[in-house]
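Numbering (our numbering), first residue to last: 1047 to 1194. What follows is a set of notes on a single structure, which appears directly below.
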């Protein structure tokens, strides 16, 4: 209720004031916008940048099945049981963390260019979540494999 005069310079991005934060809906397009508002009489301004998605993995396999090309769209659904997960980052990228949820959560802090572990994704609502980071650009990409 204290966010007033909310404006966005990019017409393809929609901004809305929420309780204590600003929501930006930007779809799938890359772009840049200047967002301005007033809070308690103070003018605030920030630049919001959406970069084009880039596939940060050079190789990702579960068992013998390769998923690398599927991450061009960042959307996969596949049931797997006790298979080796092998991830290799592209040059310049680091695997920050890997989380596996299959009824219970397992989280691995990686900070390396490769990762290998046996996993199972066979429960209802099982997920594999990989966070990757590119130091040169400051980009973070999140990859997710979901079984529903």
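Every residue, glycine too, gets a C-beta built ideally from N, C-alpha and C.
Bridge partner(s) assigned by DSSP for residue 1193: Working through the chain shown from its first residue, we reach residue 1193 at position 147. Paired residue(s): 1172.
Just confirm the distance between the C-beta atoms of residue 1117 and residue 1133, as a whole number of angstroms; I'd bet it's less than 8 Å. Here residue 1117 refers to the residue found at position 71 when the chain shown is read from its first residue. Here residue 1133 refers to the residue found at position 87 when the chain shown is read from its first residue. Incorrect: roughly 10 Å between the Cβ atoms, too far for contact.
In this structure, how does DSSP classify residue 1115 when only helix, strand and coil are distinguished? Translated into the one-based positions of the chain shown, residue 1115 becomes position 69. The answer is helix: DSSP assigns residue 1115 an H, G or I state.
Under 7 Å between the Cβ atoms of residue 1177 and residue 1160? To locate residue 1177, count along the chain shown from 1; it is residue 131. To locate residue 1160, count along the chain shown from 1; it is residue 114. No; because the gap between Cβ atoms is not below 7 Å, this pair is not in contact.
Is residue 1078 closer than 7 Å to residue 1100 when the C-beta atoms are compared? Here residue 1100 corresponds to residue number 54 of the chain shown, with the count starting at 1. Here residue 1078 corresponds to residue number 32 of the chain shown, with the count starting at 1. No. Outside cutoff.
Identity of the residue in 1169, 1180, 1128 and 1152 nearest residue 1102 by Cα: The sequence position of residue 1102 within the chain shown is 56, counting from 1. Minimum Cα distance to residue 1102 is reached at 1180.
Quick one: using the 10 Å Cβ neighbour count with 16 as the cut-off for buried, is residue 1065 buried or exposed? The residue you call residue 1065 lines up with position 19 of the chain shown. Residue 1065 comes out exposed.
Take residue 1147 as the anchor and find which of 1136, 1166 and 1108 has the nearest alpha-carbon. Taking the chain shown and counting its residues from 1, one reaches residue 1147 at position 101. The candidate whose alpha carbon is nearest that of residue 1147 is 1166.
Does any residue of chain E bring its CB to less than 7 Å from the CB of residue 1092? As a matter of chain content, chain E is missing from the structure shown, which is built from one protein chain.
Here's a check: name, in chain order, each residue in its chain whose Cβ is nearer than 8 Å to the Cβ of residue 1136, leaving out the five neighbours to either side. Position 90 of the chain shown, counted from the start, is the residue given in the question as residue 1136. Counting only Cβ-Cβ distances below 8 Å, and skipping sequence neighbours, we find 1101, 1102, 1103 and 1104.
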